[in-house]
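Novice:
Chains as they are written, first to last, in my numbering: chain A, 1 to 130; chain B, 131 to 216.
Set out below in structure tokens:
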């Protein structure tokens, strides 16, 4: 009787671990204000790997963009060190990828520095982006 | 009849006078130069207050393609992991 109870307990614990393993990725989501800003084109992806403001900046928007960029920079610093690259190299690589991942309607910075709106077509990227 | 020629150029006569004046002028210039140098040394002060405009550093760095390729996969994973800021 005790062994069956113990086996049931182990099965329940394993089940709980399996469930929590699937839940974790959903927590890393964009802040609603950030998601809205991306959708209506007030912020856009820059070629250097950071978020930029398209058009006029409001203090609140600037604060949000600064916060995101500071956090990005911290991630770049750590990842660059792990990969034996400079921060600028890693940030530029992330910029290439981030622009490639923009959704239609979002803004991104073209190689000539101007803001473009993403369409269903591939975005204009720097010539040496993979 | 040969034309009259000056054996000594007219400039020679004035040169002595200019030399004399030149010495004084040089001294005055030296004094003025010293004063200017002093003023410049004082004007090269370190500005402690912050500038009004934000400091914009424009880095138009051309990253080599091979580096971009090498880091591409890791960058993609980083964007996936940090989906809240990308």
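All residues carry an ideal CB built from backbone N, CA and C; glycine is no exception.
With which residues is residue 156 of chain B paired in a DSSP beta bridge?
Specialist: Per DSSP, residue 156 of chain B has no beta-bridge partner at all.
Novice: Distance cutoff 7 Å, beta carbons only. Does residue 66 of chain A sit that close to anything in chain B?
Specialist: no
Novice: Which residues in chain B sit within 8 Å of residue 79 of chain A, going by Cβ to Cβ distance?
Specialist: Here the neighbours are 204, 205, 208.
Novice: Quick check: residue 93 of chain A and residue 205 of chain B, are their CB atoms within less than 7 Å of each other?
Specialist: A distance below 7 Å separates the beta carbons of residue 93 of chain A and residue 205 of chain B.
Novice: When the Cβ atoms of the region 93–112 of chain A are set against those of the region 47–55 of chain A, are three or more pairs found closer than 8 Å?
Specialist: Output reads yes: the region 47–55 of chain A touches the region 93–112 of chain A.
Novice: Compare the beta carbon distance of residue 198 of chain B and residue 128 of chain A with 7 Å and say whether it is the shorter of the two.
Specialist: Residue 198 of chain B places its beta carbon less than 7 Å from that of residue 128 of chain A.
Novice: Between which two residues does the alpha helix (DSSP H) harbouring residue 70 of chain A extend?
Specialist: 59–82
Novice: Just to check my reading of the structure: residue 99 of chain A and residue 123 of chain A have Cβ atoms closer than 8 Å, yes? What is that Cβ distance to the nearest angstrom?
Specialist: 5 Å
Novice: Straight-line CA distance for residue 64 of chain A to residue 34 of chain A?
Specialist: In a straight line, the C-alpha of residue 64 of chain A is about 8 Å away from that of residue 34 of chain A.
Novice: For residue 68 of chain A versus residue 215 of chain B, is the C-beta spacing smaller than 7 Å?
Specialist: yes
Novice: In the DSSP assignment, what residue or residues form a beta bridge with residue 51 of chain A?
Specialist: A:45
Novice: Would you say residue 130 of chain A faces chain B, with C-beta separation under 7 Å as the test?
Specialist: yes
Novice: Return the residue from the list A:88, A:105, A:86 that minimises the CA-CA distance to residue 37 of chain A.
Specialist: A:105
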